[in-house]
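Each protein sequence line maps, in turn, to chains A, B and C. Take my numbering: the final residue in the first sequence is number 359, and no numbers are missing along the way. Take my numbering: the final residue in the second sequence is number 334, and no numbers are missing along the way. Take my numbering: the final residue in the third sequence is number 327, and no numbers are missing along the way. Backbone N, C-alpha and C define an ideal beta-carbon position, used for all residues, glycine too. Read the structure below first, then the notes.
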Amino acid sequence: MQQFVQQLLNGLFLGSIYALIALGYTMVYGVLRFINFAHGDVFMLGAFAGLYTQKALGPLMTSLPWPVSAALVLVISMATCAIAGIVIELLAYRPLRNRPRLNVLITAIGVSLFLEYTGQLVFGATQVPFPPLMPSHNVSGLGELTVTNVQVLVLLAAVGLMLGLRFVVMRTRLGLAMRAMSLNPTASSLMGVNNSIVISFTFGLGSALAAAGGIFYASLYPSIEPFMGIIPGLKAFVAAVLGGIGNIPGAALGGLIIGITETLVAGYSQKIGIPSGYKEGVAFVILILILIFKPSGLLGKVEREKV
Amino acid sequence: MSARLELKDVSIQFGGLRAVGDLNFHIEAGELVGLIGPNGAGKTTVFNLITGVYQPTAGSIQFGGLKIPGHKPHQITRMGIARTFQNIRLMPSLDVFDNVRAALIMNLCHGIAHALTRGPKYQEEEQRLENDIMELLDIFGLKDASCTPCKSLSYGDQRRLEIVRALATKPKLLLLDEPAAGMNPTEKVELMKLIQFVKDKYQIGVLLVEHDMKVVMGICQRIAVLEYGIKIAEGTPDEIKCNPKVIAAYLGTEDQKQKPDA
Amino acid sequence: MMKYKAQIALLIALAVSLGLSMCSGQIDDYYLDILLNVGINITLAVSLNLVNGHTGQFSLGHAGFMSLGAYGASVFSLQMGDRLITVFGGQSVFATSVTFLIALTVGGVCAAACGWLVGVPSLRLRGDYLAIVTLGFNEIIRVVLQNTSGDGAFGGALGLKGIPLYTNIFWTFGVAAVTIYTISCMVNSTYGRGFLAVRDDEVAAEAMGVNTVRYKVTAFVLGAFFAGLAGGLYAHLRGTISPEGFNFLKSVDVVVIVILGGMGSTPGVVLAAIVLTLLNEKLRDFEQYRMVVFSLILIIMMIVRPQGLLPATLFQRRKNA
Chain A
53 MQQFVQQLLN
63 GLFLGSIYAL
73 IALGYTMVYG
83 VLRFINFAHG
93 DVFMLGAFAG
103 LYTQKALGPL
113 MTSLPWPVSA
123 ALVLVISMAT
133 CAIAGIVIEL
143 LAYRPLRNRP
153 RLNVLITAIG
163 VSLFLEYTGQ
173 LVFGATQVPF
183 PPLMPSHNVS
193 GLGELTVTNV
203 QVLVLLAAVG
213 LMLGLRFVVM
223 RTRLGLAMRA
233 MSLNPTASSL
243 MGVNNSIVIS
253 FTFGLGSALA
263 AAGGIFYASL
273 YPSIEPFMGI
283 IPGLKAFVAA
293 VLGGIGNIPG
303 AALGGLIIGI
313 TETLVAGYSQ
323 KIGIPSGYKE
333 GVAFVILILI
343 LIFKPSGLLG
353 KVEREKV
Chain B
73 MSARLELKDV
83 SIQFGGLRAV
93 GDLNFHIEAG
103 ELVGLIGPNG
113 AGKTTVFNLI
123 TGVYQPTAGS
133 IQFGGLKIPG
143 HKPHQITRMG
153 IARTFQNIRL
163 MPSLDVFDNV
173 RAALIMNLCH
183 GIAHALTRGP
193 KYQEEEQRLE
203 NDIMELLDIF
213 GLKDASCTPC
223 KSLSYGDQRR
233 LEIVRALATK
243 PKLLLLDEPA
253 AGMNPTEKVE
263 LMKLIQFVKD
273 KYQIGVLLVE
283 HDMKVVMGIC
293 QRIAVLEYGI
303 KIAEGTPDEI
313 KCNPKVIAAY
323 LGTEDQKQKP
333 DA
Chain C
7 MMKYKAQIAL
17 LIALAVSLGL
27 SMCSGQIDDY
37 YLDILLNVGI
47 NITLAVSLNL
57 VNGHTGQFSL
67 GHAGFMSLGA
77 YGASVFSLQM
87 GDRLITVFGG
97 QSVFATSVTF
107 LIALTVGGVC
117 AAACGWLVGV
127 PSLRLRGDYL
137 AIVTLGFNEI
147 IRVVLQNTSG
157 DGAFGGALGL
167 KGIPLYTNIF
177 WTFGVAAVTI
187 YTISCMVNST
197 YGRGFLAVRD
207 DEVAAEAMGV
217 NTVRYKVTAF
227 VLGAFFAGLA
237 GGLYAHLRGT
247 ISPEGFNFLK
257 SVDVVVIVIL
267 GGMGSTPGVV
277 LAAIVLTLLN
287 EKLRDFEQYR
297 MVVFSLILII
307 MMIVRPQGLL
317 PATLFQRRKN
327 A
């Protein structure tokens with residue numbers, strides 16, 4: 053029982069990071085009906101942005117109290133990646149606005165590869181250690197459960213960001229514009245919504261969240277490399293589909309489910325007699341099952357093609 | 073095997089919306105029937121039900137004694153029902169010849185093996201198909217355009233090609249979805265002649281969905297009227313013209329005309 | 007006589023490859039290796055083109071089928087190879103050729119079976135979803151292979167070694183020629199127009215009596231079969247294989263070739279396979295820059311010339327009256 057709760061908690065922490073990345077996928081899909089293949093690599097950029105921000109801030113990191121320095125690193129990285137996301141959309145996706153969707157998907161693959169291999173050139177191919185943003189210790193008073201303060205903070209920060217996103221989407225005018233565009237882009241532009249600005253905003257917001265995910269991930273698993281975004285990115289995409297692509301709470305739910313399932317499979321694989329490496333396949337098996345049995349996702353709506 | 077289409081108490085529900093309700097409708101072999109109604113009345117939905125794109129939530133549809141629901145669209149085409157689409161759906165990357173060729177696939181004798189060995193039987197069949205297609209194109213005045221990419225055809229010619237393509241499947245019933253849409257008056261007269269010609273030459277039934285009343289009243293033997301998914305009237309063109317329910321559906325009643333918008 | 011020009015072309019291609027194969031001792035090993043890689047990439051690209059280009063189904067999992075072919079053929083060669091050679095009368099060109107042919111076929115059939123398993127549930131999904139699902143299957147295959155026991159028949163994460171080096175010019179270009187022949191002949195028949203119809207407009211194709219599901223699955227299975235053959239050739243060229251070599255990035259490599267060549271254009275794709283394999287070699291010293299260059303090419307191509315180097319429309323004009 054103890055082990056089960058431990059695994060559940062570990063899964064929760066991991067899942068919250070997948071959720072943050074998944075939100076970016078689902079928002080862009082909702083607004084553009086397009087899977088931004090390069091999103092996982094923005095996650096990677098966020099981690100490296102965090103690393104280089106820390107290096108740039110140098111002595112400030114130690115002189116400021118850790119909550120302030122950590123927040124500073126987070127905000128700067130999120131901002132940098134938001135800009136990166138907006139630039140990518142402007143240069144690579146906007147010229148293809150009216151082309152067949154498949155073409156844009158292929159371009160997205162190109163952008164993803166470009167980011168990974170340029171990252172390899174710039175950051176080097178080997179794993180780089182990510183300096184901790186705060187001193188780490190186990191949280192006491194939980195009996196035999198091992199939980200670090202970093203994990204708890206990551207979870208709280210992730211939840212905070214998700215609530216912040218919900219606020220932006222439900223209570224601000226840009227959020228309203230996003231929702232309008234996701235329902236009917238033509239109508240929304242006729243209602244005075246500047247679709248281009250909404251699209252840039254969506255990309256920026258999604259990228260910022262992915263960057264945060266990258267920093268949280270690097271805080272929990274402190275070694276980063278240019279290809280670190282591929283697999284978490286794919287899993288986060290599965291999470292978005294699981295929750296219902298285009299549906300924001302769905303993405304959060306999907307992320308948690310994937311994180312928990314994966315950790316449980318890894319934790320109990322010994323007991324069921326399979327190598328723990330199989331946990332890597334969990335997300336894809338879930339993807340295939342959901343697309344066969346409920347393609348609109350857990351919280352999504354069925355979209356019919358008009359014939 | 074008869075070519076009678078019969079819909080009995082057919083309904084379809086999309087979530088909370090009942091697009092078609094308790095529809096009773098039939099077409100005898102060789103009849104030219106019109107289906108009209110205001111926008112959103114469910115006319116294309118009826119087409120989609122007949123061709124297997126949608127499955128009815130209640131009722132039965134039979135063609136020549138065979139049940140339609142439960143079959144895939146391509147199987148229904150093989151039963152003898154062909155259709156055209158409201159927004160022309162030609163194969164954009166194929167030329168005129170190949171567009172018609174695609175419709176002949178379902179009656180092919182050769183498959184992959186023959187396509188690879190390319191023996192005399194294959195060559196013979198390909199030649200026969202080519203002759204059939206050119207003959208069909210010739211009848212409809214598209215023979216010279218056979219190598220043209222279908223996107224380059226005029227709108228009227230594209231509509232004609234879509235009908236030719238549907239005819240290539242050798243149907244017993246042809247469903248035409250707003251074939252006169254976007255046409256000028258001259259083209260519409262041509263279309264009316266074309267539909268009449270097709271019906272007489274190939275001895276097939278035609279179900280026509282159309283908004284242009286001149287076209288509908290001009291060629292249909294019988295007309296059914298839908299409003300909000302329900303059939304509100306059926307009869308000859310003269311009967312329909314005077315039917316008060318039909319007039320109300322299109323123009324509103326006296327009461328409605330005086331009420332301001334809520 | 008002209009009616010059989012496709013078959014004649016095939017026989018000529020096979021004869022030429024046999025001839026070249028027999029002189030291959032004269033060719034420097036380094037160039038021979040590049041030549042064989044070109045042939046394998048041609049087979050991979052043309053087979054993927056059937057799925058992505060002619061039938062319009064975006065598959066990102068081709069390397070998965072390649073790996074099944076590679077493993078299927080290699081396991082067969084390693085486990086049964088010696089026994090078969092003895093059955094056919096000891097070490098001789100005939101015996102090794104027959105054994106290799108059987109091994110390749112085993113690999114192809116394994117890949118085709120998997121193509122069917124993957125295709126049937128996935129092919130009702132739309133473009134972008136299908137891409138991700140095929141990628142998912144690619145990953146699942148890789149994960150499963152990676153987690154097999156290291157001492158077992160599949161070699162686990164370290165893969166297989168000591169695979170007999172049967173691949174030569176005849177086999178490589180023979181398979182490439184057969185692949186090109188099969189797919190071209192099939193697509194250019196009336197039956198084959200069905201693939202293009204499915205690509206252009208599935209709803210209209212169904213309405214014309216075309217069984218779209220069957221066409222999609224057929225394309226998938228055939229594409230997987232030839233990818234499996236390519237995998238078998240690849241394994242018996244390198245002598246060692248491991249699951250990592252058939253990951254998603256390898257799938258993307260093949261996709262880049264198909265897109266660069268022009269989706270649905272067999273000549274374009276063959277040309278692109280040659281160009282990109284050679285380019286790969288040239289940039290081998292600049293391995294770090296290779297993928298950066300390729301990814302930029304991909305992005306720019308999609309904006310500037312999405313129809314590829316030799317677009318399919320160039321070859322679709324019929325020469326009638």
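Does DSSP put residue i in a helix, a strand or coil?
{"i": "B:Arg232", "result": "helix"}
{"i": "C:Thr185", "result": "helix"}
{"i": "B:Lys242", "result": "coil"}
{"i": "A:Ala210", "result": "helix"}
{"i": "B:Phe83", "result": "The sequence given here has Ser at residue 83 of chain B, not Phe. Here B:Ser83 sits in strand by DSSP."}
{"i": "B:Pro221", "result": "strand"}
{"i": "A:Lys323", "result": "helix"}
{"i": "B:Arg155", "result": "strand"}
{"i": "B:Gly106", "result": "strand"}
{"i": "B:Leu138", "result": "strand"}
{"i": "C:Ser53", "result": "helix"}
{"i": "A:Val48", "result": "For residue 48 of chain A there is no data in the structure shown, the boundaries of chain A being 53 and 359."}
{"i": "A:Ser115", "result": "helix"}
{"i": "B:Ala334", "result": "Only weak support exists for where B:Ala334 lies, its pLDDT of 45 falling under 50; the value from the coordinates is given anyway. In the structure shown, B:Ala334 sits in coil (DSSP, three-state: anything other than H, G, I, E or B)."}
{"i": "B:Asp94", "result": "strand"}
{"i": "B:Ile312", "result": "helix"}
{"i": "C:Lys167", "result": "coil"}
{"i": "A:Thr200", "result": "strand"}
{"i": "C:Ala225", "result": "helix"}
How would you list, in chain order, the residues of chain C whose beta-carbon sits under 8 Å from the beta-carbon of residue i?
{"i": "B:Asp249", "result": "Near B:Asp249 there are no residues of chain C at all, since even the closest Cβ is about 11 Å away, more than 8 Å."}
{"i": "B:Glu198", "result": "Ser195 and Thr196"}
{"i": "B:Thr149", "result": "Glu212, Ala213, Met214 and Gly215"}
Since residue i meets chain C, which of its residues come closer than 7 Å, beta carbon to beta carbon?
{"i": "B:Ala296", "result": "Those within 7 Å of B:Ala296 in chain C number zero; the least Cβ separation is about 22 Å."}
{"i": "A:Val363", "result": "There is simply no residue 363 of chain A to check, as chain A begins at 53 and stops at 359 in what is shown."}
{"i": "B:Phe183", "result": "Going by the sequence as given, residue 183 of chain B is Gly instead of Phe. Simply Tyr197."}
According to the Cβ coordinates, are residue i and residue j closer than 8 Å?
{"i": "C:Ala225", "j": "C:Val57", "result": "yes"}
{"i": "B:Val36", "j": "B:Ala91", "result": "Because chain B in this structure spans residues 73 to 334, residue 36 of chain B falls outside the shown range and cannot be described."}
{"i": "C:Gly234", "j": "C:Gly78", "result": "yes"}
{"i": "C:Thr218", "j": "B:Ile177", "result": "no"}
{"i": "A:Ser121", "j": "A:Val206", "result": "no"}
{"i": "A:Gly281", "j": "A:Ala292", "result": "no"}
{"i": "A:Gly333", "j": "C:Ile146", "result": "yes"}
{"i": "B:Thr156", "j": "B:Ile235", "result": "yes"}
{"i": "B:Leu246", "j": "B:Ile99", "result": "no"}
{"i": "A:Asp93", "j": "A:Glu168", "result": "yes"}
{"i": "C:Val52", "j": "C:Ile189", "result": "yes"}
Could you pull out every residue in the same chain whose Cβ sits closer than 7 Å to the Cβ of residue i, ignoring the five residues on either side in sequence?
{"i": "B:Ala305", "result": "Val297, Ile312, Asn315, Lys317 and Val318"}
{"i": "C:Gln85", "result": "Ala159"}
Does residue i come within less than 8 Å of chain D when only Cβ atoms are used?
{"i": "B:Gln195", "result": "Going by chain labels, chain D is absent from the structure shown, which instead holds the protein chains A, B and C."}
For a contact defined as C-beta to C-beta under 9 Å, what are the partners of residue i on chain A?
{"i": "C:Asn286", "result": "Those do not exist, as C:Asn286 stays about 14 Å from chain A at its closest Cβ, beyond 9 Å."}
CB-CB under 8 Å to residue i, same chain, minus the five flanking residues each way: which ones, in chain order?
{"i": "C:Pro317", "result": "Gly268, Ser271 and Gly274"}
{"i": "B:Ala187", "result": "Tyr194"}
Below 8 Å on C-beta distance, what does residue i contact in chain B?
{"i": "C:Thr188", "result": "Leu188"}
{"i": "C:Met72", "result": "Those do not exist, as C:Met72 stays about 22 Å from chain B at its closest Cβ, beyond 8 Å."}
In its own chain, which residues sit with a C-beta less than 6 Å from the C-beta of residue i, not counting the 5 before and 5 after it?
{"i": "C:Gly397", "result": "Since the first and last residues shown for chain C are 7 and 327, residue 397 of chain C lies out of range."}
{"i": "C:Val361", "result": "No answer is possible for residue 361 of chain C: it lies beyond the span of chain C, which begins at 7 and ends at 327."}
{"i": "C:Arg187", "result": "Per the sequence shown, the amino acid found at residue 187 of chain C is Tyr instead of Arg. Around C:Tyr187: Leu16."}
{"i": "C:Val44", "result": "Ile280 and Thr283"}
Residue ranges of each alpha helix (DSSP H) within the region 59 to 147 of chain A, 4 or longer: 91 to 109, 111 to 115 and 118 to 140
Of all the alpha helix (DSSP H) runs that stay within the bounds of the region 268 to 298 of chain B, which reach a length of 4 or more residues? 285 to 291
If you scan the region 228 to 313 of chain C from start to end, which runs of the alpha helix (DSSP H) of 4 or more residues do you find wholly inside it? 254 to 267, 272 to 288 and 293 to 310
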